[in-house]
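Numbering (full-length UniProt numbering), first residue to last: 1 to 364.
For every residue, glycine included, the Cβ atom is placed at its ideal position computed from N, Cα and C.
To keep things clear, I will list the structure first and then write my remarks on it.
Below, the structure written as structure tokens:
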């Protein structure tokens, strides 16, 4: 128990640090993607924070296994470099026992990764898609800036401000294009400013346009064009037609896609099932990769470990894409990539495997 606790602590310290760093880098990268939308008023701060958190939750099924994998390489590499593994061998701690202790930790982490993939992943994707659809249909009027085309609902509504006197101030020379089933409406107003109206316990923000010219341009055969003038009109910049979201495999529940034969569903379900297996195999592979000589640099094997993971992850994601597009049948599906990793792990652990088999034969 003392040796197991010591090993788990030595692995846990770099694991926590590496996971925090990876999460911070990923969150920063995700925030950079949304920064321009926030500046242009397309996304609110609360929406950006929630989007980043959701993307971070989805990424954990990859970040956690790789952080554990590299942490084991670093921790055991340090123990080998400090001759602590040699001392443990003197206490009759064999490489097989060392592997078993690592597998206990890896098994617990694999269960967590499995829950992330099977339960958290579809929920997070569903919420992420809902927020993305809402962001496409919503404008922060107070943050709108001149000289920017604001495209809402895939071009159904386009707004352009020529001049504006700072945030929350009135805008001049406003152009609004509305794409409708039978015609296209273009509105040009000399002046516009936001107006808040309260009702039913909520506050709605509208845009009041003054001295507006309205052009209805027919898009159907035989349609007539119309030109109207209005001293004042009120527009809702967030008015839209709610469309039923398209089906997506990543948002579907695991039980739903488990019995589906669609290539996209098969690829998604196999991916969710394979992430715990990948976690276990990477953790087991890290044990022989970390072997080294006393006083050897503990970072000596880190480059090799990163290269192996990079190649594996490239094959792993490619296998999912091929199954998703029907280029590879459900059998072998994406399982050939974990099978290659399992073969490499078995080759690297051939000594421990032989020891286990000999013990079984002696016990028999």
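**OP:** Could you name the residues of the same chain whose beta carbon sits closer than 6 Å to that of residue 128, not counting the 5 residues immediately before and after it, in chain order?
**Re:** 54
Original post:
If we count Cβ pairs, one from each stretch, closer than 8 Å, do we get three or more for the stretch 281–291 versus the stretch 98–112?
Top reply: yes
**OP:** Locate the alpha helix (DSSP H) running through residue 320, then write down its first and last residues.
**Re:** 302–324
**OP:** Please list, in chain order, all residues of the same chain as residue 242 whose beta carbon is under 7 Å from its beta carbon, the five residues on each side excluded.
**Re:** Low local confidence applies: a pLDDT of 46 at residue 242 is under 50, so the model's placement there is unreliable, with the coordinate-based value given in what follows. So the list is empty, once near-sequence residues are dropped.
Subject >> Span of the beta strand (DSSP E) around residue 150 >> reply: 149–152
**OP:** Consult DSSP for residue 213 and reduce its assignment to one of helix, strand or coil.
**Re:** strand
**OP:** Spell out the partners DSSP gives residue 177 in its beta bridges.
**Re:** 158 and 186
Original post:
From residue 16 to residue 177, what does the alpha carbon distance come to, in whole angstroms?
Top reply: 51 Å
Original post:
So, residue 118 versus residue 272, is the Cβ gap smaller than 8 Å?
Top reply: yes
Subject >> C-alpha gap between residue 274 and residue 30, whole angstroms >> reply: 25 Å
Original post:
Which residue from 22, 352 and 173 puts its Cα closest to that of residue 212?
Top reply: 173
**OP:** Kindly list the residues whose CB is nearer than 6 Å to the CB of residue 253, restricted to its own chain and excluding five residues on each side of it in sequence; keep chain order.
**Re:** 122
**OP:** Have a look at 165, 157 and 195 and flag the residue whose alpha-carbon is nearest the alpha-carbon of residue 146.
**Re:** 165
Subject >> Residue ranges of each beta strand (DSSP E) within the stretch 59–141, 3 or longer >> reply: none
Subject >> Run of the beta strand (DSSP E) containing residue 274, from where it starts to where it stops >> reply: Residue 274 -> not in any beta strand (DSSP E); alpha helix (DSSP H) instead, spanning 263–289.
Subject >> Spatial distance of residue 49 from residue 71 (CA atoms) >> reply: 29 Å
Original post:
Which residues share a DSSP beta bridge with residue 50?
Top reply: Answer is none; residue 50 lacks a bridge partner.
**OP:** Can you grab the Cα-Cα spacing for the pair residue 124 / residue 57, in whole Å?
**Re:** 7 Å
Original post:
Alpha carbon to alpha carbon, how far is residue 82 from residue 75?
Top reply: 11 Å
Subject >> Start and end residues, alpha helix (DSSP H) containing residue 254 >> reply: 254–258
**OP:** In the DSSP assignment, find the unbroken alpha helix (DSSP H) run with residue 345 in it and report its ends.
**Re:** 336–348
Original post:
residue 248 and residue 265: beta carbons closer than 8 Å?
Top reply: no
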